[in-house]
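Some notes on the structure that comes next.
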Amino acid sequence: GQSLEQPSEVTAVEGAIVQINCTYQTSGFYGLSWYQQHDGGAPTFLSYNALDGLEETGRFSSFFSRSDSYGYLLLQELQMKDSASYFCAVRGKNYGQNFVFGPGTRLSVLP
Amino acid sequence: DAGVIQSPRHEVTEMGQEVTLRCKPISGHNSLFWYRQTMMRGLELLIYFNNNVPIDDSGMPEDRFSAKMPNASFSTLKIQPSEPRDSAVYFCASRLTGGTSYEQYFGPGTRLTVT
Numbered sequence: 813g814q815s816l817e818q819p820s821e822v823t824a825v826e827g828a829i830v831q832i833n834c835t836y837q838t839s840g841f842y843g844l845s846w847y848q849q850h851d852g853g854a855p856t857f858l859s860y861n862a863l864d865g866l867e868e869t870g871r872f873s874s875f876f877s878r879s880d881s882y883g884y885l886l887l888q889e890l891q892m893k894d895s896a897s898y899f900c901a902v903r904g905k906n907y908g909q910n911f912v913f914g915p916g917t918r919l920s921v922l923p
Numbered sequence: 199d200a201g202v203i204q205s206p207r208h209e210v211t212e213m214g215q216e217v218t219l220r221c222k223p224i225s226g227h228n229s230l231f232w233y234r235q236t237m238m239r240g241l242e243l244l245i246y247f248n249n250n251v252p253i254d255d256s257g258m259p260e261d262r263f264s265a266k267m268p269n270a271s272f273s274t275l276k277i278q279p280s281e282p283r284d285s286a287v288y289f290c291a292s293r294l295t296g297g298t299s300y301e302q303y304f305g306p307g308t309r310l311t312v313t
């Protein structure tokens, strides 16, 4: 089955860089996704890594290493609006393992 | 595009009552997902449809839960009878399978409270 682990909380100041890690135990999956969710809102897609390496989208970057069962989301030039929960997610290849989300990391950006 | 539409946005009901949640996916999307989110269990996939056919319903908690997708533009999630432990936010999401993006588009959610 799928099991993902993330830190529960991270705190940083405006302008800083923060890395949110995601480790997983899985029997096989297609890739690693990241979603952002503000309080009271719906998850919104940030990135997807199908292959090992770093994907950059503006201030956000996502890294994936299939062999190390590890990935991370890197947020640069933090802004107050980045305060939210961040979820990693995998899509498994087998019944019962589709679209498993991690427990989420709550990021607080301080002035 | 209006995005994924869910109704109602809030539902308060008494234990034992039937609850029906509705979802309209983004036009042209062929995959639809129902998720449940609670503080204790996080975001869980309940069921996943592709081209209106249920592909993975392993997350449906028990027989009290049922989901249908009669056509490409509408899906329902029904709970009968409802119990207090069903209180949660229920999200519907859709995506275009086979496209270049792996993004799922989430609706605003239905906050269900069972008393």
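Residue numbers (the numbering used here), protein chains in the order written: chain C, 813 to 923; chain G, 199 to 313.
We put the beta carbon where it would ideally sit given N, CA and C, even for glycine.
Same chain, Cβ closer than 6 angstroms to residue i, five either side skipped, listed in chain order
| i | result |
| --- | --- |
| T311(G) | V210 and S285 |
| G840(C) | K905 |
| Q831(C) | Y884 and L886 |
| F263(G) | I277 |
| Q215(G) | S280 |
| M892(C) | V921 |
Neighbour list for residue i in chain C, Cβ cutoff strictly below 8 angstroms
| i | result |
| --- | --- |
| D284(G) | Correct list: empty, because the minimum Cβ distance to chain C is about 19 angstroms. |
Continuous beta strand (DSSP E) stretch holding residue i: start and end
| i | result |
| --- | --- |
| K222(G) | V217 to K222 |
| V902(C) | A896 to G904 |
| Y300(G) | Note, Y300(G): premise wrong, no beta strand (DSSP E); not H, not E. |
| F911(C) | No beta strand (DSSP E) contains F911(C), which DSSP labels as neither H nor E. |
| T835(C) | V830 to Q837 |
| D851(C) | No beta strand (DSSP E) holds D851(C); DSSP gives it neither H nor E. |
| H208(G) | H208 to T211 |
| P252(G) | V251 to D254 |
| L922(C) | T917 to L922 |
| N269(G) | F263 to N269 |
| K893(C) | Neither: K893(C) is in no beta strand (DSSP E) and is coded neither H nor E. |
Any chain A beta carbon closer than 8 angstroms to residue i
| i | result |
| --- | --- |
| N833(C) | This model lacks chain A altogether; the protein chains it does include are C and G. |
Partner residues on chain G for residue i, Cβ-Cβ distance less than 7 angstroms
| i | result |
| --- | --- |
| G916(C) | G240 |
| F911(C) | F231, L243 and Y246 |
| F857(C) | E301 and Q302 |
Candidates the options, of which the one nearest residue i by Cα
| i | options | result |
| --- | --- | --- |
| D261(G) | I277(G), V251(G) and P282(G) | I277(G) |
| V921(C) | E817(C), Q818(C) and A824(C) | A824(C) |
| L219(G) | L241(G), L244(G), R207(G) and N228(G) | R207(G) |
| F911(C) | M237(G), G257(G) and R283(G) | G257(G) |
| Y288(G) | N228(G), E242(G) and M238(G) | E242(G) |
| L866(C) | Q848(C), L844(C) and G853(C) | L844(C) |
| D880(C) | P819(C), P855(C) and Q837(C) | Q837(C) |
| L890(C) | S873(C), S877(C) and G852(C) | S873(C) |
| Y842(C) | V902(C), F913(C), P915(C) and P923(C) | V902(C) |
| G827(C) | F899(C), G914(C) and D894(C) | D894(C) |
| A270(G) | K222(G), E212(G) and M213(G) | K222(G) |
| P268(G) | G201(G), G296(G) and N248(G) | N248(G) |
| Q204(G) | E212(G), G214(G) and Y233(G) | Y233(G) |
| F231(G) | A200(G), M213(G) and G305(G) | G305(G) |
| I829(C) | S877(C), F875(C), R871(C) and W846(C) | R871(C) |
| R283(G) | M238(G), A200(G), V202(G) and G201(G) | M238(G) |
Proximal residues of chain G, C-beta to C-beta of residue i below 8 angstroms
| i | result |
| --- | --- |
| S920(C) | Near S920(C) there are no residues of chain G at all, since even the closest Cβ is about 17 angstroms away, more than 8 angstroms. |
| G843(C) | Y300 |
| A854(C) | F289, F304, G305, P306 and G307 |
7 angstroms Cβ shell around residue i - same chain, five flanking residues per side excluded
| i | result |
| --- | --- |
| Q235(G) | L241, A286, V287 and F289 |
| Q293(G) | A small correction: the amino acid at residue 293(G) is Arg; Gln does not occupy that position in the sequence shown. Cβ neighbours of R293(G) beyond the five flanking positions: H227, S229, E301, Q302 and Y303. |
| K266(G) | S273 and T274 |
| T295(G) | N228, S229 and N248 |
Proximal residues of chain G, C-beta to C-beta of residue i below 9 angstroms
| i | result |
| --- | --- |
| F899(C) | G240 and L241 |
Residues bridged to residue i [DSSP beta-bridge criterion]
| i | result |
| --- | --- |
| A286(G) | L310(G) |
| L294(G) | Answer is none; L294(G) lacks a bridge partner. |
| L885(C) | I832(C) and S874(C) |
| G865(C) | F876(C) |
| E821(C) | R918(C) |
| R239(G) | DSSP lists no partner for R239(G). |
| R234(G) | E242(G) and Y288(G) |
| N248(G) | S229(G) and V251(G) |
Residues of its chain near residue i, where Cβ-Cβ distance is below 8 angstroms and the 5 sequence neighbours each way are ignored
| i | result |
| --- | --- |
| P819(C) | I832, N833 and T917 |
| Q849(C) | P855, T856, A896, S897, Y898, F899 and G916 |
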